[in-house]
Amino acid sequence: MAVAKMEKINIVGIQENKEKILKKLQQMGCAEIIEPNKELLARVLGENVYFTGKGQMEFDIAEIKFAIDFLNRYDTKNKPGMIQGFMGDLPKIDKSEFAKRIKTDYMAFVKDIKQIESQMLTIEREKEKIKQQLELLRDWSNLKIPISQLKSLGNYQFILGSILIDKWPEFSKKLADITKLTSVEKILSLDTNSRLQKFLLIFPQEPEELSKKINPLLNELNFQSAEYLTKYEGKIDDEIKNLKLEGKRIREQKKQFEAKIKSYFPQKLNLMCIYDYLSWKENLSETQQKTISTNNTFILNAWVRVDTLDKVKNELSNITKNISLSILKLEEKEQPPVILKNNKFIKPFEAVTNIYGMPKYDEPDPTTWLAPFFILFFALCLTDAGYGLIIIIVTYLMLKKWDYLLIRLLNYAGWATLFVGALAGGWFGIELDTFKWTWLADKLKYIRIVDPVKSPMTIMILALGLGLLQIWFGIACKMYWNIVSGRTKDALLDELPWLYFLIVLIGFALAKMGVLPAAQIGIWQILLYIGLIVLVFTQGRKQKNIFMKLPSGILSLYDAVGFLSDTLSYTRLLALGLATAIIAFVVNMIASLTLGIPAVGWLLFAIILIGGHTFNLAINMLGSFIH
């Protein structure tokens, strides 16, 4: 398959039909309206040209989105799960019901939601304030003197605070040296592990020198003041009780508001419908901004797929006959939008293409060419038929509800993993040679061709061979595209020498290793030298400086090192395949150790088996997809 061919069209119509035509194009979903050069058009068409804007709509959409999010925060029963959130699973309603729901007075409803949200924020702030006050007061609950009594001492002043317990003897001695006219009461802390000693200190206000001596002493011993207690009046115990009562009142108030919020849950679907409707209107408004309008007519330019052009013409002519549709010539260096066009089987692999970036309009679509390699390499990385079976079942059930490209791709990957895993003898990490069900083990071993754990070198050679094949295939694809695009000279002088050289290099290496007859080494060596000479004289041909052509050709031989390192990177297929098999085996082994535990042995066995294999499948499936 390839990138879909596009045409740039121009539509001219009567102003009264503009909205109908834009709605139809939006519903068909096969046209991309092009932004005009407004300044240029205003100069060409004069002052009568105008462009419409979005106005209040954008603000309304934001308000409705806020209300929906607020209700979702409290509607935990109908909150979308992780999969639903990822897939964008939304309620489905018919057109007539949708039309009824969008007539709701949504702004009055949103106003109520905003008012409740403000009240809930106030409640949360008050709760946090009470929590902080309780934390401060709780450790002073053993202070039995009312604060108001301390404030009314007259000629005496008081200090509430704490110092380190280790400093207390020093504090007591130095305070006694300063004056005997003091009263110090230790306050027991509720925290038995506290390193602070809380206390109440009372001393006369006169003479002033007394205060001037006590305060430096406190500072010297890193005194921590509890002056915040002076804003209260009664006993600390009573203040704590009052705060708890206030907290209880606030919690009751919160429950009332939460009950009110729950009564709004049935309106959430109405808001969702209105949100979709206004978003659609906003998109239409944005499209209108891309049209050129006068008092009586409008003009718009758009990209349309060639295979849908006739359909667009027919649909628009059904709306009005007073319309003109023509094909525009592309401007210099103008690039049409890229839309991939693949059959139903290949289309899921577009998920991979989209991850790495879409091709340019004049480039080939790589989706079809990467598909077989992706699916095979995924299976080799996972290499467990049991896991492949699980992927097939799970994705099959998911496809019944969410028909997404990524899920279809994983379903394909599950089938490939089942096939490759069966050939590798991988079944949930079970050792087939010691499997108790011998009749089943014999059948599974009959299918098995190679065991990756016992024969890792075989898998490594396979991985390297597939790596070379994919690299060679990639160069061949580039050569093919150059020929199709009329660049035959580039194909023959750039790609063909490398295709020849890589084949000869492999043949020479195999002869050296003894895979091919030793008598062929000389032939392969001659062919290799020919390839090197051809590369030297072809790869530097694009250099404009004649003296740089030969050096550039010689330097191009360094690319062979790049091909070699790329090929070696394919050994990760072996590493990931072994990781899956070994982790699965370890999970089975750990689970089996719990069977001897009385009473709960089977339960632990099931938990470890299910949890371990789920983790192994998830982490290695992610690794397989990425690599």
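Numbering-wise (this note's numbering), the sequence shown opens with residue 921 and increments by one. Every residue, glycine too, gets a C-beta built ideally from N, C-alpha and C. Keep in mind the model is a prediction, meaning the values are calculated, not measured.
Check: 6 Å CB neighbourhood of PHE1018 in its chain, flanking five on each side removed; Outcome: CYS1193
Check: Span separating the alpha-carbon of ILE1450 from that of ALA1383; Outcome: 28 Å
Check: Residue nearest to PHE1185 in terms of C-alpha spacing, selected from ASP989, LYS943, TRP1392, GLY1387; Outcome: ASP989
Check: Every unbroken alpha helix (DSSP H) within the region 1353 to 1400, with a cutoff of 4 residues, ordered by chain; Outcome: 1358 to 1367
Check: Residue burial classification, ASN1402 (beta-carbon count within 10 angstroms, cutoff 16); Outcome: buried
Check: TRP1223 and MET948 closer than 8 Å at C-beta; Outcome: no
Check: Segment contact, 8 Å Cβ cut-off, at least three pairs: the region 1058 to 1072 with the region 1147 to 1161; Outcome: yes
Check: DSSP three-state assignment for MET926, whether helix, strand or coil; Outcome: strand
Check: Beta-carbon proximity check, GLY1334 vs THR1303, cutoff 8 Å; Outcome: no
Check: Backbone CA spacing between LYS1374 and VAL923 [nearest angstrom]; Outcome: 45 Å
Check: Where the beta strand (DSSP E) through SER1244 begins and ends; Outcome: 1243 to 1248
Check: Inter-residue CB distance, LEU1080 and ALA1146 (contact presumed, cutoff 8 Å); Outcome: 4 Å
Check: ASN1274 - containing alpha helix (DSSP H), residue span; Outcome: 1270 to 1276
Check: Exposure of GLY1521, with buried meaning 16 or more beta-carbon neighbours within 10 Å; Outcome: exposed
Check: Whole-number beta carbon distance between CYS950 and THR1228, since they are thought to touch under 8 Å; Outcome: 4 Å
Check: In DSSP terms, what GLN1077 is bridged to; Outcome: PHE1123
Check: Within 8 Å, strictly: CB atoms of TRP1392 and LEU1430; Outcome: no
Check: Sufficient close CB pairs (3 or more, under 8 Å) joining the region 1497 to 1513 to the region 1275 to 1286; Outcome: no
Check: Nearest candidate by alpha-carbon position, reference PHE1483, set LYS1231, LEU1389, TYR1400; Outcome: LEU1389
Check: Distance, THR1534 Cα to LYS1106 Cα; Outcome: 59 Å
Check: First and last residue of the uninterrupted alpha helix (DSSP H) at PHE1551; Outcome: The first residue shown for the chain is 921 and the last is 1547, placing residue 1551 beyond what the model contains.
Check: Short Cβ contact (8 Å threshold) for GLU1235 with LYS943; Outcome: no
Check: Secondary structure of SER1472, DSSP reduced to three states; Outcome: helix
Check: Contacting residues, own chain, Cβ-Cβ under 6 Å from VAL932 (five flanking each side not counted); Outcome: ILE1219, SER1244
Check: Inter-stretch contact (C-beta, 8 Å, three-pair minimum) for the region 1166 to 1181 and the region 1103 to 1120; Outcome: no
Check: Candidates GLY1387, TYR1076, ILE1036: closest to TYR994 by CA position; Outcome: ILE1036
Check: For ASN937, three-class secondary structure by DSSP; Outcome: helix
Check: Buried versus exposed, by CB contacts within 10 Å (16 or more), ASN1238; Outcome: exposed
Check: Limits of the beta strand (DSSP E) - the one that ASN1221 falls within; Outcome: 1217 to 1225
Check: Buried versus exposed call for GLN1176 [16 or more other C-beta atoms within 10 Å across all chains shown]; Outcome: exposed
Check: Coarse secondary structure for LEU1537, derived from DSSP in three states; Outcome: helix
Check: 6 Å Cβ shell around GLN1255 - same chain, five flanking residues per side excluded; Outcome: TYR1281
Check: Continuous alpha helix (DSSP H) stretch holding LYS1321: start and end; Outcome: Unbroken run through LYS1321: none, as it is neither H nor E.
Check: C-beta contact flag for LEU1116 and SER1082 at 8 Å; Outcome: yes
Check: Contact check, ASP1548 vs LEU1326, beta carbons under 8 Å; Outcome: Absent from the model: residue 1548. The displayed extent of the chain is 921 to 1547, so no value can be given.
Check: Close-in-space but distant-in-sequence residues of the same chain around GLY1167 (CB under 6 Å, 5 per side omitted); Outcome: ILE1050
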